[in-house]
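Undergrad: Read left to right, the sequence shown gives residues 0 to 110 (numbering that gives the first Met the number 0). Glycine is no exception: its CB is placed at the ideal position from the N, C-alpha and C atoms.
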Amino acid sequence: MAHSAIRYQNNTQYIQDALLGGALRCIFIAIDSKVSENPSKYGWLLQAMNKWWSDFEDFPPGLKDVELDEWLVDSERKADFEEILNLSLENVNNELFIEVMKFKRVLDLES
């Protein structure tokens, strides 16, 4: 099984490519609901998700990395993304819970 990376500030978590798509879908559902509430505040998250999904679809196995640094450029954006991850975790099955937690872990390693 190929693994790709989730990276933030020199911290890395690895995720199976086979599960990355499901994790991204869970995160997208939470992003979509937040963007509907407040497009001006959360619109950047849709752009980020489009980039991550495009990389997921276009890159070969093992290179479907999710780079968070270019999007989480300040503490407000990081907090917004952590909020999205928490929402994602509320509505995810056990298998994907572990994978979405990898996004949280890579953020927490930085602290």
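Go through its chain and collect everything with a Cβ distance to residue 14's Cβ below 7 Å, but skip five positions before and after it.
TA: For the purposes of this step, residue 14 is identified with residue 15 of the sequence shown, where counting begins at 1. Only 2, 3, 5, 22, 98 and 101 meet the Cβ criterion.
Undergrad: Does the stretch 50-64 come within contact of the stretch 82-93, defined as at least 3 CB pairs closer than 8 Å?
TA: The stretch 50-64, when compared against the stretch 82-93, does not touch it at the 8 Å Cβ threshold.
Undergrad: Suppose contacts are defined by Cβ-Cβ distances below 8 Å. Is residue 67 in contact with residue 18 by that definition?
TA: Numbered from its first residue, the sequence shown carries residue 67 at position 68. Numbered from its first residue, the sequence shown carries residue 18 at position 19. No.
Undergrad: For residue 65, name the three-state secondary structure that DSSP assigns.
TA: Counting from 1 along the sequence shown, the entry for residue 65 is found at position 66. Looking at residue 65 - three-state DSSP - the assignment turns out to be strand.
Undergrad: Please classify residue 107 as buried or exposed, where buried requires at least 16 neighbouring CB atoms within 10 angstroms.
TA: Position 108 of the sequence shown, counted from the first residue, corresponds to residue 107. Its Cβ having fewer than 16 others within 10 Å, residue 107 is exposed.
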